[in-house]
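**Student:** Residue numbering for the sequence shown follows the UniProt record's numbering, beginning at 1 and increasing consecutively.
Heads up, the beta-carbon is just placed ideally off N, CA and C, and yes, glycines get one too.
Starting off with a structure, shown below.
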Amino acid sequence: MVIRIRLALVQVNPVVGDLDGNVERIRRVLEEVDGCDLAVFGEMALTGYPLEDLVLKPGFVADSRAALEKVAGASGDCALVVGFADGDEDVVYNAVAVCQGGRVHGVYRKRHLPNLEVFDEVRHFSPGVDPLVLYRIGGVRVGLAICEDLWVPDGPVGALVAGGAELVAVANGSPFHRGKQTERES
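So, in structure tokens, the structure goes:
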């Protein structure tokens, strides 16, 4: 039996720190993804990326979660995977949430934090350790991962597939650099 899922991969060009503007950028796209089963936005789509020391600003993580609730409230039948900063003032995670039908259904926290080139995620974020969860979306078992989680040999993607995932949605927000495409294809 073939199961079909209507999938949208969405780039909204988020601005670092502009939570209200990024919420509006995402809301404007929701009409375009109407009719899809799943729309995957980029890593940190609500906050912009990379955040660097902005995650240390008092109240920023709580404001990020409030922005997520606004997006969730605007979600309809199409499930959204949206990147945001999660946690509290002491522990911050690079995360994505599944939103559908006006609410947040779950959160995945990035497990493998890069610490090279333009990335200093080890300084700013804690790695996720929560159990992996599959979501039934459009009749398909969907797992979640974020960027670097895909590229490490023993990362969560293999565990998600072994656990029954038929699709793994991976939010990514890496900046472009010369040779990136060749690097990823090798």
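(1) At 3 residues or longer, what runs of the beta strand (DSSP E) sit wholly inside the stretch 62–116?
(2) Would you check if the distance between the CB atom of V10 and the CB atom of V33 is smaller than 8 angstroms?
(3) Rounded to whole angstroms, how far is the Cβ of A72 from the Cβ of F84, which I believe are closer than 8 angstroms?
(4) Which of the three DSSP states is assigned to Y46 in this structure?
(5) Near E121, what residues of its chain come up, given a Cβ to Cβ distance below 6 angstroms and the 5 sequence neighbours on each side ignored?
(6) Any idea if R178 is buried or exposed, counting beta-carbon neighbours within 10 angstroms, 16 or more meaning buried?
(7) In three-state terms, what does DSSP make of I5?
(8) F41 bridges to which residues according to DSSP?
(9) CA-CA distance, R25 and D77?
(10) Among the candidates R6, I137, P50, R111, whose CA atom is the shortest distance from the CA of P153?
(11) Is any heavy atom in the ligand HEM found nearer than 7 angstroms to the beta carbon of L7?
(12) Is the stretch 155–170 touching the stretch 44–63, taking contact as three or more C-beta pairs under 8 angstroms?
**Tutor:** Walking through what the data contain:
(1) 79–87, 92–100, 103–109
(2) As a working note, residue 10 is residue 10 in the sequence shown. As a working note, residue 33 is residue 33 in the sequence shown. Yes.
(3) Start at 1 with the first residue of the sequence shown, and residue 72 comes out as number 72. Start at 1 with the first residue of the sequence shown, and residue 84 comes out as number 84. Rounded, the Cβ-Cβ distance is 10 angstroms, inconsistent with contact.
(4) Residue numbering aside, residue 46 sits at position 46 when the sequence shown is read from its first letter. For the record, residue 46 in the displayed sequence is Leu; it is not Tyr. In the structure shown, L46 sits in coil (DSSP, three-state: anything other than H, G, I, E or B).
(5) Sequence index remark: in the sequence shown, residue 121 carries index 121 (1-based). So the list reads L113, P114, once near-sequence residues are dropped.
(6) Within the sequence shown, residue 178 is the residue found at index 178, counting from 1. Under this definition R178 is an exposed residue.
(7) Translated into positions along the sequence shown, residue 5 becomes position 5. I5 falls in the coil class under three-state DSSP.
(8) The sequence position of residue 41 within the sequence shown is 41, counting from 1. Bridge pairing for F41: V10 [DSSP].
(9) Translated into positions along the sequence shown, residue 25 becomes position 25. Translated into positions along the sequence shown, residue 77 becomes position 77. About 19 angstroms.
(10) The residue labelled residue 153 in the question sits at position 153 within the sequence shown. Selected option, being the one with the closest Cα: R111.
(11) This structure lacks the ligand HEM; in fact it carries no ligand of any kind.
(12) At 8 angstroms Cβ cutoff, the stretches do not touch.
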